[in-house]
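Numbering of the sequence shown is given in our numbering, commencing with residue 130 and proceeding in unit increments. From the three backbone atoms N, C-alpha and C, an ideal C-beta is built for every residue, glycine too. Since the model is a prediction, treat every value here as computed from it, not as a measurement. Structure first, commentary second.
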Amino acid sequence: MTTRVRFAPSPTGYLHIGSARTALFNYLFARHAGLTDPDSKFLLRIEDTDLARSTEESTRSILDGLEWLGFAPDEEIVFQSDNAEKHRETARKLLTEGKAYRDFTPKEAPSDANIKDAIKERAREQGADKNMRDNPFRDLPRDESDARAAAGEPFAIRLRVAESGKTSFEDQVYGLQERDYSEIEDLVLLRSDGHPLYNLAVVCDDIEMAITHVIRGQDHLTNTHKQILIYEALGVTPPVFAHLPLIMAPNKGKLSKRKHGEVVSMTTYRDAGFLAEAFRNYLALLGWSAGEEQEIYSLDELVAKFSLSGIHRSNAIFNFSPDDPRKWTDDKAQWMNAEYIRTMPLDELLPHVKAELKAAKLWREEYEEDDRAWYERTVDLIRARFFTLKDFSSQGRAYFSEDYDFDSAAIEKNLSKFPDLRVWLPELAERFEAEFGDKPFNETNIELVVRAFTEEKGTKLGVIMNGARTLLTGVAVGPSMLSVFETLGLERSIIRLRSQLAWSQ
Ligand code: GLU
Numbered sequence: 130m131t132t133r134v135r136f137a138p139s140p141t142g143y144l145h146i147g148s149a150r151t152a153l154f155n156y157l158f159a160r161h162a163g164l165t166d167p168d169s170k171f172l173l174r175i176e177d178t179d180l181a182r183s184t185e186e187s188t189r190s191i192l193d194g195l196e197w198l199g200f201a202p203d204e205e206i207v208f209q210s211d212n213a214e215k216h217r218e219t220a221r222k223l224l225t226e227g228k229a230y231r232d233f234t235p236k237e238a239p240s241d242a243n244i245k246d247a248i249k250e251r252a253r254e255q256g257a258d259k260n261m262r263d264n265p266f267r268d269l270p271r272d273e274s275d276a277r278a279a280a281g282e283p284f285a286i287r288l289r290v291a292e293s294g295k296t297s298f299e300d301q302v303y304g305l306q307e308r309d310y311s312e313i314e315d316l317v318l319l320r321s322d323g324h325p326l327y328n329l330a331v332v333c334d335d336i337e338m339a340i341t342h343v344i345r346g347q348d349h350l351t352n353t354h355k356q357i358l359i360y361e362a363l364g365v366t367p368p369v370f371a372h373l374p375l376i377m378a379p380n381k382g383k384l385s386k387r388k389h390g391e392v393v394s395m396t397t398y399r400d401a402g403f404l405a406e407a408f409r410n411y412l413a414l415l416g417w418s419a420g421e422e423q424e425i426y427s428l429d430e431l432v433a434k435f436s437l438s439g440i441h442r443s444n445a446i447f448n449f450s451p452d453d454p455r456k457w458t459d460d461k462a463q464w465m466n467a468e469y470i471r472t473m474p475l476d477e478l479l480p481h482v483k484a485e486l487k488a489a490k491l492w493r494e495e496y497e498e499d500d501r502a503w504y505e506r507t508v509d510l511i512r513a514r515f516f517t518l519k520d521f522s523s524q525g526r527a528y529f530s531e532d533y534d535f536d537s538a539a540i541e542k543n544l545s546k547f548p549d550l551r552v553w554l555p556e557l558a559e560r561f562e563a564e565f566g567d568k569p570f571n572e573t574n575i576e577l578v579v580r581a582f583t584e585e586k587g588t589k590l591g592v593i594m595n596g597a598r599t600l601l602t603g604v605a606v607g608p609s610m611l612s613v614f615e616t617l618g619l620e621r622s623i624i625r626l627r628s629q630l631a632w633s634q
């Protein structure tokens, strides 16, 4: 059977990190199946039936997040609300077949959840075991039910769950799952205002979309039992289910948009200068492994290695500490991004750096023409220490602009402590001017000149180099100072060594 999976987010917020991971696992599962069956499909369904909470803005943000991650659906996006009439027809069909019944409980009555509590409460009072079946309308004679409906009395449609028995399915992650019918209420399929409810809508759409595998968060396990009852009532074989471990906050609590804010939103990472390929790789390891040490995987490798059997049962932790700017998100996500920036083929990184420099108004067309070689070398040189694309325009700003800031800690550590440098560094500029009239300004030659200069002054090489680094780049760390000189070139090195700007800060 051709594999068809779907990612089915509810557009009630932005694309949450847990949802993005669900999308990724569905995507990888479909692409893996696609290695042997090219018809395998990854589909997208926007579950926008909760009219009060669904927003277009949220749908936009979900689509943006998916687009950034590169998960384009293989067929047109399905909007669940477009199928409401089909959902209603299905509920009516179950009613006609006696597999569902009309519940005329007035609308002002407690909500569904409260009814459940009330029923349980009454059952307890009567000393009976849980009894989910004592809805007074469950056994209303058919003609009476029809007559009341015909007279215009509003009603909800509830599934008639059998008195005894159990649902069971083999979850691909958690193994055999069983639930006694006595633990499941006669769930509402259609509200009295004609609004189809979630479990009915999901089952109808999954059948219509010919979904073969449902891969979704473990928080849906309870729904799955209810959905299986609907499949049974409809006489349709349910798909295969795989529930994913949850992604928890550092305190092992629920990771939520409301509590934790932007750190759980996918677009935050795009906007913070993460590479989609790195973030995908990070997400893949949140609850899945191929059973080996390797952690850096290309998308093709993930597709080749992905299987439901590699999904863990224990919840994953998303580590971050909101009070520490360096740990605003999970260390591993940051490490992974740095790894990608440092090691990915330069050709693949360059367009991202270009976009970042453009956004920061640091881009010059020459970087793609006369200065192309310089631009490539510079990006290659500075990328080794960067964590995000943003670093190219912040920490790396001095390479692309004359207007850069000086880090006060760097000034303190590398300049203020050595007042002689205020005279020495401009002197070094003179020396460069004198020495490099015709000699190439390259690392080997620069080293000879700087070493001789250092000896003359009776100081340490580090004092000169660190001072120069602060003047030339504004920061205290970076690539080897000889390569910084060479990259910035003779003219810019001289101007910056002479500049008194940092000293007056
Ligand atoms: N719309 C549900 C959610 O966002 C997912 C339902 C499903 O995957 O079946 O949690």
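* With respect to the alpha helix (DSSP H) encompassing H349, which residues constitute its N-terminal and C-terminal limits? -> Counting along the chain, H349 sits inside no alpha helix (DSSP H), nor does DSSP assign it H or E at all.
* **Best match in E531, D567, L619, A558 for proximity to G603 [C-alpha to C-alpha]** => In this structure, E531 is the residue among E531, D567, L619, A558 with its C-alpha nearest to the C-alpha of G603.
* Please list the segments of the beta strand (DSSP E) lying wholly inside the region 365-417, counting only runs of 3 or more residues, in order along the chain. => Listed in chain order, the complete beta strand (DSSP E) runs (minimum 3 residues) inside the region 365-417 are 369-373.
* Asked: Do E477 and the ligand GLU come close, with the Cβ less than 8 Å from some heavy atom?
  -> Within 8 Å of the C-beta of E477 there is not a single heavy atom belonging to the ligand GLU.
* What three-state label does DSSP hand Y230 in the structure shown? -> Three-state result, Y230: strand.
* **Sequence-distant residues of the same chain with beta carbon closer than 7 Å to A558, five excluded per side** => Within the same chain, A558 has close Cβ partners I623, L626, R627.
* Asked: Within the chosen definition, does the region 200-220 reach the region 166-184 through at least 3 CB pairs nearer than 8 Å?
  -> Counting Cβ pairs under 8 Å, three or more are found: they touch.
* G137: which of L630, G294, I425, A330 sits nearest, CA to CA? -> A small correction: the amino acid at residue 137 is Ala; Gly does not occupy that position in the sequence shown. For the residues L630, G294, I425, A330, the minimum Cα distance to A137 belongs to A330.
* Write down the C-beta distance between A278 and F284 rounded to the nearest angstrom, noting that I regard them as a contact closer than 8 Å. => Separation of the CB atoms of A278 and F284 is rounded to 6 Å, and the pair is thereby assigned contact status at 8 Å.
* Quick one: Cα of I146 to Cα of N410, how far? -> I146 and N410 have their alpha carbons spaced roughly 13 Å apart.
* Which of the three DSSP states, helix, strand or coil, is assigned to V317? -> DSSP places V317 in strand when its eight states are reduced to three.
* **Nearest-angstrom Cβ-Cβ length linking V393 and Q301, presumed shorter than 8 Å** => No, V393 and Q301 are not in contact; Cβ-Cβ is about 26 Å, not under 8 Å.
* Extent of the continuous alpha helix (DSSP H) run through Q463 -> 460-472 is the extent of the alpha helix (DSSP H) around Q463.
* Same chain only: Cβ atoms within 7 Å of D536, ignoring 5 sequence neighbours per side -> G603, V604, A605, listed in sequence order.
* Three or more C-beta pairs closer than 8 Å, one from the region 148-161 and one from the region 344-363: is that the case here? -> The region 344-363 and the region 148-161 touch, with three or more beta-carbon pairs separated by less than 8 Å.
* Asked: Can you name, in chain order, every residue of its own chain whose Cβ lies under 7 Å from the Cβ of A362, other than the five neighbours on each side?
  -> Contacts found: L223, K228, L288.
* To do: Using the Cα positions of P474 and R455, report the straight-line distance between them to the nearest angstrom.
  => The alpha-carbon atoms of P474 and R455 are separated by roughly 27 Å.
* Asked: Under a three-way DSSP split, which group does I340 fall into?
  -> Coil at I340, not helix or strand.
* When the Cα of G194 is compared with those of E391, G439, I540, which residue comes out closest? -> Looking at the Cα atoms, E391 is the closest of the given residues.
* Pairwise C-alpha distance: H389 and E314 -> Taking the straight line from one Cα to the other gives about 33 Å.
* CB-CB length for P374 against H441, believed under 8 Å -> P374 to H441, Cβ: 6 Å. Contact.
* Contact under 9 Å by Cβ, Y303 with E292 -> The Cβ atoms of Y303 and E292 lie no closer than 9 Å to each other.
* To do: Assign E307 to one of three DSSP states: helix, strand, or coil.
  => In this structure, DSSP gives E307 an extended state, which the three-state scheme calls strand.
* Asked: Do G525 and I540 have their CB atoms nearer than 9 Å?
  -> Their beta carbons are not under 9 Å apart, which means G525 does not touch I540 by this criterion.
* Asked: How is E422 classed by DSSP in three states: helix, strand or coil?
  -> Note: E422 maps to coil in three-state DSSP.
* With respect to the beta strand (DSSP E) encompassing K236, which residues constitute its N-terminal and C-terminal limits? -> Neither: K236 is in no beta strand (DSSP E) and is coded neither H nor E.
* Hey, I357 and F298 are a contact pair by Cβ (cut 8 Å); roughly how many whole angstroms apart? -> So it is a contact: roughly 6 Å between Cβ atoms.
* With DSSP as the reference, label G256 as helix, strand or coil. => Note that G256 scores 47 on pLDDT, short of 50, meaning its location in the model is unreliable; the coordinates nonetheless yield the value given after this. If DSSP states are grouped into helix, strand and coil, G256 belongs with coil.
* DSSP state of F154, grouped into three classes? -> In the structure shown, F154 sits in a helix (DSSP, three-state: H, G or I).
* Return the first residue and the last residue of the beta strand (DSSP E) that D300 is part of. => Counting along the chain, the beta strand (DSSP E) containing D300 begins and ends at 295-300.
* Do you know offhand how far E424's Cα is from F200's? -> A straight-line Cα-Cα distance of about 21 Å links E424 and F200.
* Could you pull the start and end residues of the alpha helix (DSSP H) that F136 belongs to? => No alpha helix (DSSP H) holds F136; the beta strand (DSSP E) holding it covers 133-136.
* Take the Cβ of K170 as the centre, count every other Cβ of all protein chains shown within 10 Å, and call the residue buried at 16 or more, exposed below. => It is buried - the Cβ of K170 has at least 16 other Cβ atoms within 10 Å.
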